[in-house]
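Notes follow once the structure below has been shown.
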Amino acid sequence: MISAILGKKVGMTQVFKEDGTVVPVTVIQCGPCVVMQVKTQEKEGYNAIQLGFEDKPLKRATKPEIGHAKKANTTPKKFVREVQWDGEGDYKPGQQITVEVLEGIERVDVTGISKGRGFAGVVKRHGFAGGPKTHGQSDRHRAPGSIGQSSFPSRVFKGMRMAGHMGNEKCTVRNLELVKIDKEKNCILVKGAVPGPNGGYVVVRKTNKLGK
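Take a look at the structure:
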């Protein structure tokens with residue numbers, strides 16, 4: 026069976042528990058997705074299910090995308106991703122996958138593309154405190170400070186936190202509580218925030234992290 030599905034971030038809201046506790050949640054539209062391809066250990070060397078979400082207009086699709094979709098008796102999709110499959114269950118190209126695959130799951134991982142922030146300094150990008158505002162300092166308030174050593178090793182180490190491009194990266198938020206599943210609207214509510222803007226595509230899967 027598969028325990029993952031493709032979706033789209035709708036936005037954030039809040040719900041109330043029976044005891045009156047407010048829970049901030051993100052609404053995600055999950056499916057319906059279409060099985061675009063079934064990959065097996067015998068043919069491809071591993072088991073996976075390729076899912077497609079949301080129709081793409083034919084005039085915007087490439088010929089390879091149209092041909093690939095025809096093999097599954099469907100239309101080209103805007104968002105196509107592979108999800109893990111344990112090899113059990115009967116899946117065929119063209120089959121619809123709905124939010125019901127998440128039934129019985131208490132916690133999920135959500136993967137998406139974070140918001141792009143452009144070029145950012147170390148204060149915004151990494152949370153640096155900046156330099157002192159006194160003792161002769163006049164233009165170092167948001168500077169990174171020292172980035173290396175002197176005569177040894179006479180270089181800047183790789184991975185040094187510095188200013189640069191921020192966001193627009195693949196990001197996963199793990200172990201989010203699955204608050205509610207709405208089968209009629211193909212939506213789920215997960216506690217907390219997920220990567221990306223409203224309308225951004227995400228992959229929702231059963232978490233592989235244990236937590237309370």
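For any residue, its number in our numbering is found by taking its place in the sequence shown, counting from 1, and adding 25.
Ideal Cβ positions, reconstructed from N, Cα and C, are used throughout, including at glycine.
Owing to the predicted nature of the structure, the values given are computational and were not obtained by experimental measurement.
Is the beta carbon of residue j closer than 9 Å to that of residue i?
i    : j    : result
G119 : A97  : yes
G114 : A145 : no
I50  : V204 : It should be pointed out that residue 50 corresponds to Val in this sequence rather than to Ile. The answer is yes: Cβ separation under 9 Å.
G36  : N211 : no
I30  : Y116 : no
V52  : F41  : no
K158 : H151 : no
G170 : R180 : no
C58  : G77  : yes
T123 : G56  : yes
R138 : G217 : Note on residue identity: the sequence assigns Ile, not Arg, to residue 138. Not in contact: I138 and G217 (Cβ atoms no closer than 9 Å).
G112 : Q66  : yes
E125 : K231 : no
K64  : W110 : yes
V215 : V228 : no
Using the beta-carbon count (16 or more within 10 Å), is residue i buried or exposed?
i    : result
K237 : Reliability of the predicted coordinates at K237 is poor, the pLDDT of 48 falling under 50, and the value obtained from them is presented with this limitation in mind. With fewer than 16 other Cβ atoms within 10 Å, it is exposed.
K183 : exposed
K34  : buried
I74  : buried
E79  : buried
L127 : buried
G32  : buried
K102 : buried
Q54  : buried
H160 : exposed
Shorter than 8 Å, the distance from the beta carbon of residue i to the closest heavy atom of the ligand SAM, or not?
i    : result
K103 : As presented, the structure is devoid of all ligands, the ligand SAM included, so that no description of it is given.
Where do the ends of the alpha helix (DSSP H) carrying residue i lie?
i    : result
V126 : Element bounds for V126: n/a, residue is neither H nor E.
I91  : 88–96
V105 : Note, V105: premise wrong, no alpha helix (DSSP H); beta strand (DSSP E) at 102–109.
For the beta strand (DSSP E) containing residue i, list its first residue and its last residue.
i    : result
G36  : 29–41
M149 : First, the amino acid is wrong: residue 149 is Lys here, not Met. Per DSSP, K149 belongs to no beta strand (DSSP E); it is in the alpha helix (DSSP H), 147–151.
R142 : Run containing R142: none; DSSP gives neither H nor E here.
Y116 : Run containing Y116: none; DSSP gives neither H nor E here.
R85  : Note, R85: premise wrong, no beta strand (DSSP E); not H, not E.
Contact criterion: CB-CB distance below 9 Å. Does residue i meet it with respect to chain D?
i    : result
K234 : No chain D is present in this structure, which holds just one protein chain.
Does the contact criterion of 3 or more C-beta pairs under 8 Å hold for the segment 116–136 versus the segment 193–201? As far as the Cβ criterion goes, the segment 116–136 touches the segment 193–201, which means the pair count is three or higher.
Validate contact between the segment 142–158 and the segment 176–193 using beta carbons, cut 8 Å, 3 pairs: At 8 Å Cβ cutoff, the stretches touch.
Where are the beta strand (DSSP E) runs, 3 residues long or more, that stay fully inside the segment 165–223, in chain order? As far as the segment 165–223 is concerned, its whole beta strand (DSSP E) runs of at least 3 residues are 189–191, 195–207, 212–216.
Hey, which unbroken runs of the beta strand (DSSP E) at 3 residues or more fall wholly within the segment 48–72? Listed in chain order, the complete beta strand (DSSP E) runs (minimum 3 residues) inside the segment 48–72 are 58–64.
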